[in-house]
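Asks: Residue numbers (the working numbering): 203 to 390.
Where is the CB? At the ideal position from N, CA and C, for every residue including glycine.
Computed from a predicted model, the values in this text were never measured in an experiment.
1. My parser needs the alpha helix (DSSP H) runs of 4 or more residues fully inside the segment 292 to 354; what are they?
2. From residue 341 to residue 277, what does the alpha carbon distance come to, in whole angstroms?
3. Determine the closest residue to residue 333 out of 383, 366, 322, with distance taken between C-alpha atoms.
4. Mind listing, in chain order, the continuous beta strand (DSSP E) runs of no fewer than 3 residues lying wholly within the segment 249 to 290?
5. In this structure, does DSSP put residue 371 in helix, strand or coil?
6. Taking one C-beta from the segment 362 to 369 and one from the segment 282 to 294 each time, how about it: are there three or more such pairs within less than 8 angstroms?
7. Could you please give the first and the last residue of the uninterrupted beta strand (DSSP E) stretch that includes residue 235?
8. What does the alpha-carbon distance come out to for the pair residue 264 and residue 241?
9. Roughly how many angstroms separate the alpha carbons of residue 238 and residue 378, rounded to a whole number?
10. Whole angstroms are fine: how far does the CA of residue 254 sit from the CA of residue 269?
11. Determine whether the beta carbon atoms of residue 388 and residue 330 lie at a separation below 8 angstroms.
12. Buried or exposed, going by whether 16 or more other CB atoms sit within 10 Å of the CB of residue 325?
13. Should residue 344 go down as buried or exposed, given a rule of 16 or more other Cβ atoms within 10 Å for buried?
14. Quick one: measure Cβ to Cβ for residue 380 and residue 293, integer angstroms, because I've assumed they're closer than 8 angstroms.
15. Which residue or residues does DSSP assign as beta-bridge partners of residue 382?
16. Whose CA, out of 385, 275, 370, lies closest to the CA of residue 354?
17. May I have the straight-line CA-CA distance separating residue 227 from residue 273, to the nearest angstrom?
18. Looking only at its chain, what residues have a beta carbon closer than 8 angstroms to the beta carbon of residue 236, apart from the 5 residues adjacent to it on each side?
19. Give the single residue among 313, 259, 248 whose Cα lies nearest to the Cα of residue 328.
20. Tell me, to the nearest whole angstrom, how far the beta carbon of residue 321 is from that of residue 310; I am working on the premise that it is less than 8 angstroms.
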């Protein structure tokens with residue numbers, strides 16, 4: 203009898219979650235789990251601080267959507283535009299160099315089972331003045347860019363991938379997103 207009561211309670215809780223959380227989120231999303239972002243939106247990523255702000259942010263151009271199924275704003279965010287994806291992860295490291303972050307990201311990609319072939323990285327700088335590295339990557343059927351940024355107390359890594367011709371067409375807006383990466387507590 204107790205197990206039927208628990209099952210019934212779980213069923214009711216499930217219905218309440220659907221009515222209270224899932225249905226309202228469907229109103230704000232497109233294509234099941236993709237939430238269109240307005241041009242110029244600022245996306246914040248990382249653990250919330252005492253002022254309810256996240257430590258890393260960047261600006262999104264028109265035509266991009268949040269992939270809510272692949273995002274956990276406390277640590278990472280995934281955006282999509284067409285078949286191109288833009289994944290930014292906050293890296294909790296203190297005092298790391300861009301080269302250390304680049305090498306670490308390459309090791310993580312290798313462990314993932316389908317590592318990209320990475321080209322030679324070149325130095326990049328955000329509009330805020332944060333140093334980083336960026337370089338081309340190639341997967342079996344996709345191409346893109348890998349970038350890392352090293353602020354004094356944390357870092358960020360970005361992997362952009364998609365069909366080669368689509369990534370090429372979106373190159374300027376991807377570059378603008380990378381340049382717009384900011385870290386809380388730093389001045390320009």
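Replies: Let me spell this out:
1. Counting only runs that start and end inside the segment 292 to 354, the alpha helix (DSSP H) elements of at least 4 residues fall at 300 to 313.
2. Taking the first residue of the chain shown as position 1, residue 341 is located at position 139. Taking the first residue of the chain shown as position 1, residue 277 is located at position 75. Inter-residue distance for residue 341 and residue 277 is about 24 angstroms (C-alpha atoms, whole angstroms).
3. Here residue 333 corresponds to residue number 131 of the chain shown, with the count starting at 1. Minimum Cα distance to residue 333 is reached at 383.
4. Listed in chain order, the complete beta strand (DSSP E) runs (minimum 3 residues) inside the segment 249 to 290 are 258 to 261, 267 to 269, 278 to 283.
5. Against the chain shown, residue 371 aligns to sequence position 169. In the displayed model, residue 371 falls within a helix according to three-state DSSP.
6. Proximity of the segment 362 to 369 to the segment 282 to 294 meets the contact definition, three or more beta-carbon pairs being nearer than 8 angstroms.
7. In the chain shown, residue 235 corresponds to position 33, counting from 1. Segment: none, residue 235 is in no beta strand (DSSP E) and carries neither H nor E.
8. Here the question's residue 264 lines up with position 62 in the chain shown. Here the question's residue 241 lines up with position 39 in the chain shown. Taking the straight line from one Cα to the other gives about 4 angstroms.
9. Working through the chain shown from its first residue, we reach residue 238 at position 36. Working through the chain shown from its first residue, we reach residue 378 at position 176. Spanning the alpha carbons of residue 238 and residue 378 requires a straight line of approximately 18 angstroms.
10. Along the chain shown, read from residue 1 onward, the residue named residue 269 stands at position 67. Along the chain shown, read from residue 1 onward, the residue named residue 254 stands at position 52. Between the alpha carbons of residue 269 and residue 254 lies a distance of about 22 angstroms.
11. As a first step, residue 388 must be located in the chain shown, where it is residue number 186. As a first step, residue 330 must be located in the chain shown, where it is residue number 128. Residue 388 places its beta carbon less than 8 angstroms from that of residue 330.
12. Stepping through the chain shown from its first residue, residue 325 is reached at position 123. Per the 10 Å Cβ criterion, exposed.
13. Working through the chain shown from its first residue, we reach residue 344 at position 142. Counting of Cβ neighbours within 10 angstroms places residue 344 among the buried residues, the total reaching 16 or more.
14. Translated into the one-based positions of the chain shown, residue 380 becomes position 178. Translated into the one-based positions of the chain shown, residue 293 becomes position 91. Their Cβ separation, rounded to whole angstroms, is 15 angstroms, which puts residue 380 and residue 293 out of contact at 8 angstroms.
15. In the chain shown, residue 382 corresponds to position 180, counting from 1. According to DSSP, which records beta bridges pairwise, residue 382 is partnered with nothing at all.
16. Residue numbering aside, residue 354 sits at position 152 when the chain shown is read from its first letter. Comparing Cα-Cα distances from residue 354 to each of 385, 275, 370, the minimum goes to 385.
17. Counted from its first residue, the chain shown places residue 227 at position 25. Counted from its first residue, the chain shown places residue 273 at position 71. Residue placement at residue 227 cannot be trusted, given a pLDDT of 41 that sits under 50; what the coordinates show is reported in the next sentence. Between residue 227 and residue 273, the alpha-carbon positions lie close to 15 angstroms from each other.
18. In the chain shown, counting from the first residue as 1, residue 236 sits at position 34. Cβ neighbours of residue 236 beyond the five flanking positions: 267, 268, 269, 270, 282.
19. As a working note, residue 328 is residue 126 in the chain shown. The option with the nearest alpha carbon to residue 328 is 259.
20. On the chain shown, residue 321 is found 119 positions in, with the first residue counted as 1. On the chain shown, residue 310 is found 108 positions in, with the first residue counted as 1. The C-beta separation of residue 321 from residue 310 comes to about 17 angstroms, leaving the pair out of contact by the 8 angstroms criterion.
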